[in-house]
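Reading through the structure tokens given below for one structure.
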Amino acid sequence: MQKQEISYLTMATIPNEYIEIIDKNMKCKLCNVITPANNFDNHLKGRKHQNKEIEYELKNCTVFVRGIYSCTKEDLENTFSEFGEIKNITLFKKNCTICFKENTSKQKVINQNFKCKRDSLHVSDYKVYNSHDSKDIKEKDSIVKINTALDFDTQINSIVEQVKEDRGHNIMEVLLDIKSIFEPVLPGVQAVLFGSNLSGLALKNSDIDIFMECPGGQPDSDFVMNKAKIVFRSSLVKNVSRIRNARVPIVKLCHKKTNFDCDISFKTKLGFYNSKLIQFYLGLDRRIKPLLLVLKYWCKMLKLLTTRWFSNYALTMMFIFYLQQLEPQILPSVLELQKAAKVQRFVDNWNCSFAEEWIQPAYNTSSMKDLLLGFFKYYSEFDYDYVISPFLGKPFPVLYFKNLDLLPASMNLYKENIKLNDKKPFQNEYSIKIQDPFELQFNLASIMSSKDLILFKRVCSITCDIFLNKEDNCILDSVLNLDKMFPEYFRQNFKFQIKFNLKFEILSKILWEHFIKI
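Going by UniProt numbering, the first residue of the sequence shown is number 1, and it counts up by one from there.
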């Protein structure tokens, strides 16, 4: 019996002091459960115990590391493994969590500073997020307060602090729980963060995008409707639904403990590399992130970030593309970054590689005000018969997609995938054409109608007028409150259902004259 009992003890990942042998029974002190010794392995595999183990590891063996800019997962492992065995390292944004096997290892590194390659790292305790279901109510999006006594740049920074989401290491808890839910049907699966929470562009209450990476290959398209139903039985989540007909089938849910909404996808890791590209671009110029967050908030207030208008990702690519057009340019094209990449990386036959380091040959000295004004001016005047292509870094006629021979040699991978790999051609019949930087066949704005495009251009034009006619310290207050100044124009989620025969040009003139009188 003693030999059998020891074998059960070795199966547990928790320290032996949390397991007590009582006669022919074994007690798990984590769960406060007494189980017959010959059934203890089943207890260890049970969902309740697994959740307790994760909670134990987070509280007793996990540290939070800040300041990661250049070092890789392998670099971190080399730096911290000397303090004890590491169970896993999870990277996100410029931070990571390190889970040691023993609490003693955690105590050696906590509240210490370390040098890893060129990065100065600070290690702190991992704080487990606690939230009660009685508080399971999301705060409404707060309206930003703008102090017009401040200058333009200071107002930008103030707005960013009010609208950005900073979930910190609480996301790690979500990733571990989602991983534990799907691991019984997807052995070895990893929950990989992507989207705005990875790139650093998340607004308050934004969803968390998670890709389930499977070492044995991604599940087929029926997985979401069949085996993914396991998530409905989990006590860790609520409000579960499955979206099968989306371009990428997803499972939507809310993580109970943190009350974070999540979108879970299984199809492709392209979204992760898209997010890493955006994260890389943000690191090239300190002006980009605050301007993008303000721009996203502007779109959100005008109800432009909807399924009918733009996705956050499409808007981000439009801003990146605009910065590629400036003289001197602020951002290089994806094509330039791929040519400079040391390692080539392909996902679903698309090139997702890009250089990890980049130095612009010339620095653009434009102010944040001029850059934001330039965005609205650029897209109010843009010729939408051309494709917005962050990949090439310049627009080109959409007619090129109708004759592959017209496309430049730099688009050879697109041609090859269309001809040989059964990829669908670029959707060029829509009003706005925004080419994905990696998946070159994908139009990011394939849902916008011609009327929507006219309205978008008009709003950009009105916003330009505000920039040019208002004092600097009053611009942002006006721009971010357009929906209140012209409620008839933006009512019904900007669907524009007013019945009259005015042309848009006349309407714009009326709206602007009304604004001048305010």
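Beta carbons are placed, not taken as given, at the ideal position from N, Cα and C, and that holds for glycine.
Residue i versus residue j: straight-line alpha-carbon distance, rounded
| i | j | result |
| --- | --- | --- |
| ILE21 | CYS31 | 15 Å |
| TYR378 | TYR322 | 7 Å |
| residue 527 | GLN324 | Outside the displayed span of the chain (1 to 518) sits residue 527, for which this structure offers no information. |
| LYS369 | LYS300 | 20 Å |
| PHE114 | LYS24 | 48 Å |
| LYS433 | LEU315 | 12 Å |
| HIS43 | ILE54 | 15 Å |
| GLU82 | LEU76 | 11 Å |
| ILE19 | LYS52 | 13 Å |
| VAL163 | TYR56 | 33 Å |
| ALA149 | LYS470 | 14 Å |
| GLN218 | GLY374 | 42 Å |
| TYR414 | ASN428 | 14 Å |
| PHE426 | SER333 | 19 Å |
| LEU304 | SER311 | 8 Å |
| PRO290 | PHE80 | 33 Å |
| MET318 | LEU203 | 18 Å |
| PRO184 | THR268 | 20 Å |
| ASN147 | GLN155 | 7 Å |
| LYS87 | GLU74 | 13 Å |
| ASN205 | ILE159 | 16 Å |
| SER199 | GLY168 | 13 Å |
| GLY393 | LEU335 | 8 Å |
| LYS457 | GLN50 | 53 Å |
| ASN493 | ILE447 | The pLDDT assigned to ASN493 is 41, lower than 50, so where the model puts this residue is not dependable; a value taken from the coordinates is nonetheless given after this. Spanning the two alpha carbons is a distance of roughly 16 Å. |
| LEU201 | ASP477 | 21 Å |
Close beta carbons around residue i, own chain, < 7 Å, minus the five adjacent residues each side
| i | result |
| --- | --- |
| SER234 | ILE181 |
| GLY67 | LYS94, ASP119, SER120, LEU121 and HIS122 |
| GLN112 | VAL123 |
| PHE272 | VAL192, PHE194 and PHE211 |
| LYS339 | none |
| ALA355 | LEU337, ALA340 and ALA341 |
| LYS424 | GLN441 |
| SER221 | PRO249 |
| LYS48 | CYS31 |
CB of residue i within 8 Å of CB of residue j, strictly
| i | j | result |
| --- | --- | --- |
| PHE453 | SER431 | Here residue 453 is Leu; the residue named in the question, Phe, does not match the sequence. Cβ distance < 8 Å, so LEU453 and SER431 count as in contact. |
| LYS229 | ILE243 | no |
| TYR313 | ASN349 | no |
| ILE250 | ASP263 | yes |
| VAL459 | LEU295 | no |
| TRP298 | LEU480 | yes |
| ASN364 | ILE388 | no |
| PHE376 | THR463 | yes |
| TYR281 | ILE320 | yes |
| CYS85 | LYS101 | Here the sequence assigns Glu to residue 85, which means Cys is not the residue at that position. A contact, by the Cβ cut-off of 8 Å. |
Closer than 7 Å: residue i CB and nearest the ligand FAD heavy atom
| i | result |
| --- | --- |
| ILE466 | Because no ligand of any kind appears in the structure shown, any question about the ligand FAD cannot be addressed here. |
Buried versus exposed, by CB contacts within 10 Å (16 or more), residue i
| i | result |
| --- | --- |
| PHE346 | exposed |
| ARG287 | buried |
| PRO36 | exposed |
| ASP166 | exposed |
| LEU399 | exposed |
| ASN351 | buried |
| GLN143 | The residue you asked about is not Gln; residue 143 is Ile in the sequence shown. Exposed. |
| SER449 | exposed |
| PRO437 | buried |
| TYR69 | exposed |
| LEU444 | buried |
| GLY216 | exposed |
| SER196 | buried |
| LEU292 | buried |
| GLN435 | buried |
| VAL343 | exposed |
| ASP209 | buried |
Residues that residue i bridges to, as DSSP identifies them
| i | result |
| --- | --- |
| HIS122 | ARG66 and ASN113 |
| PHE211 | VAL192 and SER265 |
| ILE21 | MET26 |
| TRP350 | VAL347 |
| LYS238 | CYS254 |
Cβ neighbours of residue i in the same chain (closer than 8 Å, five flanking residues each side left out)
| i | result |
| --- | --- |
| ILE475 | PHE152, LYS369, ILE466 and PHE467 |
| LEU440 | TRP350, PHE391, MET411, LEU413, TYR414, ASN417 and PHE426 |
| ASN60 | ASN103 and LYS106 |
| ILE110 | VAL63, VAL123, SER124 and ASP125 |
Close beta carbons around residue i, own chain, < 6 Å, minus the five adjacent residues each side
| i | result |
| --- | --- |
| THR62 | THR97, CYS99 and TYR126 |
| ASN78 | none |
| GLN190 | GLU213 |
| LEU404 | LYS415 |
| VAL240 | VAL231, PHE232 and LEU253 |
| PHE396 | VAL387 |
| SER265 | PHE211, VAL248 and ILE250 |
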